[in-house]
Amino acid sequence: MTVQNGRPFNEWLRAQLKAKKMSQRQLAQQSGVDHSTISRLIRGDRTPSLGTATKLARGLRELHDEADTPQYFGLVAAGTTHPTARVEYSLRADDYLSEAQVRQVMEYYLAVRSRRLTMHAAQAATPRPVPRDLPQRLTTKRN
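Its first residue numbered 301, the sequence shown is counted upward by one per residue in the numbering used here.
Following this line, the structure appears as structure tokens:
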């Protein structure tokens with residue numbers, strides 16, 4: 301996964317661990333992400349899911365307030381392909397929202413979004429009336 305500044309996630313994570321003098325095992329314990337997953341992420345063998353990236357960022361931030369994880373949240377979210385991921389990233393980055401509140405807001409957001417998509421699809425599928433004089437307009441020559 302590449303962020304806007306061109307820096308892959310594995311490089312960012314490696315730099316965060318080095319800057320905080322943290323081991324992969326410490327991050328695993330702090331974030332709740334399995335050590336083997338962190339190892340694969342650092343090697344670049346896989347890219348993190350939204351949930352994994354969130355847990356890692358929170359694990360890094362819990363140890364040091366100066367972590368640049370909020371900026372990284374924005375960069376990762378901008379590069380994602382799932383249209384609702386940016387909203388979820390933003391909600392999860394807010395320290396004042398509990399996990400239950402994030403789920404509740406996301407459920408509401410997804411319900412509203414689903415209704416809007418359904419309305420949009422219905423409008424697009426509704427045929428427009430053909431003007432009564434269309435055949436005449438098509439056969440009339442313009443000078």
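Yeah, the Cβ is synthetic: ideal placement off N, Cα and C, and Gly gets one too.
According to the DSSP assignment, residue 333 belongs to no alpha helix (DSSP H), since it is labelled neither H nor E.
Distance from the CA atom of residue 324 to the CA atom of residue 313, rounded to whole angstroms, is 10 Å.
At least 8 Å separates the beta-carbon of residue 417 from that of residue 384.
Beta-carbon to beta-carbon, residue 402 and residue 392 are separated by about 6 Å, close enough to satisfy the 8 Å threshold. Contact annotation: residue 387 and residue 356 have beta-carbon atoms that are not nearer than 8 Å.
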